[in-house]
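Some notes on the structure that comes next.
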Amino acid sequence: SGPLPLVLNTWPFKNATQAAWQALACGDSALDAVEKGCAVCEREQCDGTVGFGGSPDELGETTLDAMIMDGTTMNVGAVGGLRRIKNAIGVARKVLEYTTHTLLVGESATKFAESMGFPSEDLSTNSSQTLHSDWLARNCQPNYWRNVIPDPSKYCGPYKPPGILKQDDPVCIETNVHGHD
Amino acid sequence: TIGMVVIHKTGRIAAGTSTNGLKFKIPGRVGDSPVPGAGAYADDTAGAAAATGDGDILMRFLPSYQAVEYMRRGEDPGTACQKVISRIQKYFPKFFGAVICANVTGSYGAACNKLPTFPQFSFMVYNSLRTHPVEEKVNC
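As structure tokens, then:
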């Protein structure tokens, strides 16, 4: 068996490991160490896969997901699709500490974060905007659509399932004998 | 995505994740990271695990929960991680994913699904045998 304490994290994000270890050395809890370690990657935008300025969605917006779990109480705080708040794991920790919920998502999670004192700020950067404009220039390739028209392997959206008529197409309405003026 | 597991010297365990998700995702898409049992899972009585990769696939198999349950049944961390990868592989042979695992004694391991572009997986370890964070690699 390996000696305790132990810090283990995915990918070679060394500064995050160091920060978590440092937190333990200063007497912090395991929960604090996870929060501080992951927050380093949010600030340093580790590999462009953590934190602001990465992975823009189809509309060019960066949103964040994070969770934190306490193995003693089995308590969890998590945020999904968090908008305009940089410290996602910090918000997840507040969900754990100040609510009995587990997961808050989207714009409402942002409102919760603001109520907890987190600043609202743009999560886009020149880099994420360039990523997005290059993607648009490549006919939106790759994307995560399938079974739609136009062909998502060739064109940008908006996409529709093949069965749905275009909005401006004459829509066939069933005559409803009970529906009349 | 970063997934982290911390075991305090008192044996208390915590786990967490943070990510900005998938490039060019459909707005509203959330992957495995913030889902307890998928992105990460911790239980002082069994251990903890965290996963990374294609979250749309990973989250369907709750990899972190499953790895902890394997360790609860006595599997060592490396085997627990590998068994989770194998489970997913049966359905999605070409999925991109990796899992880190640690049990209550501080033993740890990792496993990943081998792809031509992903032959090895790097993770970080720091414990009292080391004077600094050490990068370890596991062959997928």
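Sequence order for the protein chains is A and B.
Letter by letter, the first sequence follows residues 1 to 181 of the numbering used here.
Letter by letter, the second sequence follows residues 1001 to 1140 of the numbering used here.
Every residue gets a Cβ at the ideal spot worked out from N, C-alpha and C, and that includes glycine.
Hey, would you say residue 1121/B sits closer than 7 Å to residue 1102/B, going by beta carbons?
-> Taking the first residue of the second sequence as 1, we reach residue 1121/B at position 121. Taking the first residue of the second sequence as 1, we reach residue 1102/B at position 102. No, Cβ-Cβ distance for residue 1121/B and residue 1102/B is not below 7 Å.
Could you tell me which chain B residues have their CB closer than 7 Å to the CB of residue 89/A, listed as they occur along the chain?
-> Translated into positions along the first sequence, residue 89/A becomes position 89. Per Cβ cutoff of 7 Å: 1016, 1018.
State yes or no: is the beta carbon of residue 118/A nearer than 7 Å to at least one beta carbon in chain B?
-> For the purposes of this step, residue 118/A is taken as residue 118 along the first sequence, with counting starting at 1. No, because no Cβ of chain B sits closer than 7 Å to the Cβ of residue 118/A.
Would you mind listing the beta strand (DSSP E) stretches within the region 86-116 of chain A that are 3+ residues and don't spill past its ends, in chain order?
-> 103-105, all fully within the region 86-116 of chain A.
Thinking C-beta only, is residue 1044/B closer than 7 Å to residue 71/A?
-> As a position in the first sequence, residue 71/A is number 71, starting the count at 1. As a position in the second sequence, residue 1044/B is number 44, starting the count at 1. Residue 1044/B sits close to residue 71/A, with the two beta carbons spaced by under 7 Å.
Mind pulling the chain A residues with CB within less than 8 Å of residue 1117/B?
-> Taking the second sequence and counting its residues from 1, the one referred to as residue 1117/B is at position 117. Here the premise fails: no neighbours, minimum Cβ distance about 14 Å.
Can you pull the DSSP bridge partners for residue 1103/B?
-> On the second sequence, residue 1103/B is found 103 positions in, with the first residue counted as 1. Beta-bridge annotation (DSSP): residue 1103/B is paired with 1047/B.
Can you tell me which of the three DSSP states residue 1179/B falls into?
-> No answer is possible for residue 1179/B: the residues shown for chain B start at 1001 and end at 1140.
Rounded to whole angstroms, how far is the Cβ of residue 1051/B from the Cβ of residue 1076/B, which I believe are closer than 8 Å?
-> Here residue 1051/B is taken as the residue at index 51 of the second sequence, counted from 1. Here residue 1076/B is taken as the residue at index 76 of the second sequence, counted from 1. The pair is not a contact, with the Cβ atoms about 18 Å apart (cut-off 8 Å).
Are the C-beta atoms of residue 46/A and some chain B residue less than 7 Å apart?
-> Counting from one through the first sequence, the residue named residue 46/A turns up at place 46. Cβ-Cβ to chain B under 7 Å: yes for residue 46/A.
Proximal residues of chain B, C-beta to C-beta of residue 125/A below 7 Å = In the first sequence, counting from the first residue as 1, residue 125/A sits at position 125. Against chain B, a Cβ distance below 7 Å from residue 125/A picks out nothing, because the smallest value is about 11 Å.
Tell me, to the nearest whole angstrom, how far the beta carbon of residue 1094/B is from that of residue 57/A; I am working on the premise that it is less than 8 Å.
-> In the second sequence, counting from the first residue as 1, residue 1094/B sits at position 94. In the first sequence, counting from the first residue as 1, residue 57/A sits at position 57. No, residue 1094/B and residue 57/A are not in contact; Cβ-Cβ is about 24 Å, not under 8 Å.
Can you check whether the CB of residue 79/A is closer than 7 Å to the CB of residue 92/A?
-> The residue you call residue 92/A lines up with position 92 of the first sequence. The residue you call residue 79/A lines up with position 79 of the first sequence. Closer than 7 Å, so yes.
Going by C-alpha distance, which of 116/A, 84/A, 123/A is nearest residue 99/A?
-> Taking the first residue of the first sequence as 1, we reach residue 99/A at position 99. The option with the nearest alpha carbon to residue 99/A is 116/A.
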